[in-house]
Structure formats: C-alpha cells, structure tokens
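Structure record follows, encoded as structure tokens.
Chains as they are written, first to last, in our numbering: chain C, 1 to 113; chain U, 1001 to 1110.
This is the structure in structure tokens:
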C-alpha cells in the first residue's frame, strides 16, 4: 500500500492555459474524490467517482473543470482556460468498500500567473 | 446547504495541557464524523473517526460526539509542540461524501 499519489506536485501556468492533474488512489479503493483548498479554508468538494462512474459534481464547479476516471483506477482533473482564481491546492482522496474513511494524497499546488 | 462550522483560532495552549477543539454541524441526520490534522503546506491526515454518541479514545486523542446538540469535539491530552497544526472536522454531505469545516489552528507553546 503506497498511499494516494498525485502528479505533478507543483504547477505554474499562465492565465488562459489548460492544465491536467493526475491522481492514483490506494489500489483497492473504488471511490476517488477531488477537492480544492485555498489558504485558510477547508477542502472544498469538487467531484467524486465510484469506480469509473462520476457520481457527483459540485455546483460550484464551472464547466472549465472536467474529471475522468476511465478505467476505475487513476483519475485526471483538467482545468481549461485557467484563471488566477484557480490558484489553489488540488487534493485527491480515496476510500474503499463500506468504509467512509478518506485518505488524501499530497496534493498538486497550482499557481496561475 | 449542509454546513460544518469551526472556530478558526488560533487556539493557543501550553505544552502538556489539554487542547479542546469543537465543531458544529447543521444536518441533524449526520451519523459519522472525521477529524483530520493538517500541517502547513501538507495534505490532511486522518486522525479520528467517530459515529456513536459519546467518547472514542485513541492514544492522546479523544473524539466526543453529541448528536442531540449537533457538535463533535476533539481533545488532545498532554499537548506537544508537534501537535501544532490545523485540525479539520468533516461531516457527511451525502452518500460517501463529506463536507469540511474551515479548520481550527492549534498552537502548542513550549
């Protein structure tokens, strides 16, 4: 069990560019979550998957954000036409079976200049 | 809109004292709750999970749940400077989905 991994750990991009982040959950976990966290705030729910199905997406999430989990293993989060307000830590978490416990990856810190 | 509220702090306690962190939630039907610890610049780390009324103890940590009053608390006994971090409370926001509070920053003074 190597835990949840995320890549890249840091990303600096210019406004208007597209970025993609990857999350690899704990291997036996079938649920995968994406959160966004800004300074002084708790993690804000973005979306989650059970296996390959995206079961819920936050209404706060604009259509510039899209997430996939095509084979029910790793997931990608893409942000199109980035804005400075997208600068944040993007966290991935996973959980499995009947357990509610979520385990977080190290996060991807995005800076939009 | 389901909500989780925490005092942002900072809560300062001397080394060796008991730190008491509180969290209230809006959904009376919520059943289970988490406490996470987050060091500056790091991701949240799960430290406690509680789903029954009363107390749950794990080492120096005790989680307390009072469903009638809709609050959950975390007690840290014999606080150490290494406990200085932000503590996040999470409550159910749907099936297998959790909502986080803004966190309480704890400072343990040596």
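For every residue, glycine included, the Cβ atom is placed at its ideal position computed from N, Cα and C.
Interface criterion met: the Cβ of residue 1098 of chain U is under 8 Å from a Cβ in chain C. The Cβ atoms of residue 108 of chain C and residue 15 of chain C do not sit closer than 8 Å to each other. At a C-beta separation below 8 Å, residue 95 of chain C has these neighbours in chain U: 1096.
Under the 10 Å beta carbon count, residue 60 of chain C is surrounded by fewer than 16 other beta carbons and is classified as exposed. Just measuring C-alpha positions, the residue of U:1033, U:1020, U:1028 sitting nearest residue 1077 of chain U is U:1020. Using a Cβ distance threshold of 8 Å, residue 1001 of chain U and residue 1101 of chain U do not count as a contacting pair.
DSSP places residue 93 of chain C in the uninterrupted beta strand (DSSP E) bounded by 88-95. The continuous beta strand (DSSP E) containing residue 36 of chain C extends over residues 31-37. Of all residues in the region 4-35 of chain C, those with a C-beta nearer than 9 Å to a C-beta of chain U are 4, 6, 31, 33, 35, reading in chain order. Neighbours of residue 1102 of chain U in chain C, taken as residues at a C-beta separation under 9 Å, are given in chain order as 40, 41, 42. The Cβ of residue 1032 of chain U sits closer than 8 Å to at least one Cβ of chain C. According to the DSSP secondary-structure assignment, residue 1058 of chain U is paired through a beta bridge with U:1061.
Interface residue (Cβ-Cβ distance to chain C less than 8 Å): residue 1049 of chain U is classified as such. Taking a 10 Å sphere around the C-beta of residue 1109 of chain U, we find fewer than 16 other C-beta atoms and assign the residue as exposed.
At least 8 Å separates the beta-carbon of residue 105 of chain C from that of residue 1103 of chain U. Contact between the region 77-95 of chain C and the region 16-30 of chain C is present: three or more C-beta pairs spanning the two stretches fall below 8 Å.
Judged by beta-carbon spacing, residue 4 of chain C lies beyond the 8 Å limit of residue 11 of chain C, meaning their Cβ atoms are not closer than that value.
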